[in-house]
Amino acid sequence: MTAAKRILIVEDEPAIADTLIYVLNSSGYQTEHVGLLQTALSRLQTASFSLAILDVGLPDGNGFDLCRQLRRFSDIPVIFLTAHGDEIDRIVGLEIGADDYVTKPFSPREVAARVGVILRRLGTDANKPTSTPNTQFDLDSQAGRIRYCEQLLDLTRYEFLLLKLLIEHPERIFSREQLLERIWQDPGDVFDRTVDTHIKTLRAKLRLAAADQDPIRTHRGLGYSLQSR
Ligand code: CA
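Just so you know, we're using the working numbering here: the sequence shown kicks off at 2 and counts up by one.
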């Protein structure tokens, strides 16, 4: 038996926190709950967690700021709890390094399932050697810009998020489902070929910058990855 994974729940509404604690404990996770951004930050700095669930609206700040500060010293997976299902929230969250989203009101079991998916994915990744970043890409997350072979790419929002994710995880294969889940707001509304279409336009734009290269790889039946160099 491996030790139970510890999950930090940052949520100021006790009823929501309680349901999360209950369902996560029932799924075999240990939990710790805090209601303030500052408390969360100091716990994250001093204790070790496998994952953090962050409410976006906290009494002393917001979950995005917390995630930004967290990313300076840790890359543990983060799931945001967002109140309004606002697309802006999702986009901002992805850009600052969230792994997933849940919109309130949510099913606690769905949250537990997503926690499981993220931790399993991470477990698999841990066995692989770390890949070196592709140095032909220059990602500026703050400005929402990507340079490739010294040229600024003119990307749509989804192309940007797609390429950013691939750049941040060189050599990692993302299935269409994973890409849909992590980048598109409501995977129910889009089809598998949405990903293919965006990959196609992205490749065309990369070819414009460097005609002799094709850094995005297609893995038949599996998905897509970005060459590490
Ligand atoms: Ca709240």
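Think of the CB as a built atom: it goes at the ideal place given N, C-alpha and C, for glycine as much as any other residue. Every value quoted in this text rests on a predicted model; they were computed, and no experiment measured them.
*With C-beta atoms as the reference, is A113 less than 7 Å away from V24?*
The answer is yes: Cβ separation under 7 Å.
*Would you kindly work out how many angstroms separate the C-alpha atoms of D61 and Q39, rounded to a whole number?*
7 Å
*Please specify which runs of the alpha helix (DSSP H), each continuous and at least 4 residues long, are wholly inside the stretch 163 to 224, giving them in chain order.*
177 to 184, 193 to 210
*Who's in the neighbourhood of ligand 1, going by beta-carbon under 7 Å from any heavy atom, listed in chain order?*
E12, D13, E14, D56, G58, L59, A84
*Does the distance from the CB of R177 to the CB of V196 come in under 7 Å?*
Yes, they are a contact pair.
*To the nearest angstrom, report how far apart S108 and D19 are at their CA atoms.*
Their Cα atoms are separated by approximately 13 Å.
_Simplified DSSP state of Y102, which is helix, strand or coil_ = strand
_Classification of L9 by the beta-carbon crowding that lies within 10 angstroms, buried from 16 upward_ = buried
*For D100, count neighbouring Cβ atoms within 10 angstroms of its own Cβ and tell me buried if that reaches 16, exposed if not.*
buried
*Quick one: measure Cβ to Cβ for T133 and R230, integer angstroms, because I've assumed they're closer than 8 Å.*
Confirmed, Cβ separation roughly 6 Å.
_Just verifying my parser: in three-state terms, what is the DSSP assignment at Q31?_
Looking at Q31 - three-state DSSP - the assignment turns out to be strand.
*asked:* At the level of alpha carbons, what is the spacing between I92 and S51?
replied: 23 Å
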